[in-house]
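Chemist:
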Ligand code: HEM
């Protein structure tokens with residue numbers, strides 16, 4: 018017969034895998050500590066209110082992961098265009114995001130699911 022699938026209407030599996038809102042905030046916070054400790058890219062974050070940036074990133078990752086959040090910040094081109102970022106800068110940040118997810122026991126396939134959602138943003142940030 019035709020049985021309704023048990024899939025949730027909205028797919029929040031990645032959101033769950035990241036530890037919901039609390040887990041995402043911890044991952045973002047950990048990433049920002051690593052980023053601002055990294056001499057290759059720390060200079061970009063000088064003078065930036067990191068608490069606000071953490072909240073914006075958490076909203077964005079939460080929404081991307083299918084969680085009950087809405088990112089209301091600037092689009093990625095607008096937020097980064099004055100920074101003049103390189104591909105190496107982008108890769109450095111991704112490296113720290115991976116380390117932060119690793120530290121918070123996110124499984125590699127779930128790490129890759131989040132990274133796959135972020136990867137297309139590179140072309141909006143790097144010339
Ligand atoms: C996948 C990669 C990235 C994502 C998803 C991302 C996401 C974001 C978000 C959501 C904001 C907040 C925008 C707003 O508040 O309107 C932001 C701002 C910012 N990002 Fe990124 N970002 C990425 C890569 C980078 C890289 C590689 C750097 C530098 C190495 C960087 C440096 C900054 C800085 C300095 C700000 C604050 C800009 C300002 O307030 O004027 N971001 N980013």
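Numbering (UniProt numbering), first residue to last: 18 to 144.
Backbone N, C-alpha and C fix where the C-beta goes; we use that ideal spot for every residue, glycine too.
A quick note: this is a predicted structure, and the numbers were derived from the prediction, not measured.
Specify the secondary structure class of residue 35 as computed by DSSP and reduced to three states.
Modeler: Of the three classes helix, strand and coil, the one that applies to residue 35 here is coil, per DSSP.
Chemist: Going by DSSP, what residue range makes up the alpha helix (DSSP H) through residue 115?
Modeler: Counting along the chain, the alpha helix (DSSP H) containing residue 115 begins and ends at 104-120.
Chemist: Between which two residues does the alpha helix (DSSP H) harbouring residue 78 extend?
Modeler: Looking at the DSSP string, the run of the alpha helix (DSSP H) that includes residue 78 is 67-81.
Chemist: Relative to the C-alpha of residue 35, which residue among 121, 67 and 103 is closest?
Modeler: Considering only alpha carbons, the answer is 121.
Chemist: The ligand HEM and residue 73: does any heavy atom of the ligand fall closer than 7 Å to the residue's C-beta?
Modeler: Yes.
Chemist: Report yes if the C-beta of residue 122 is less than 7 Å from at least one heavy atom of the ligand HEM; otherwise report no.
Modeler: Not under cutoff, so the answer is no.
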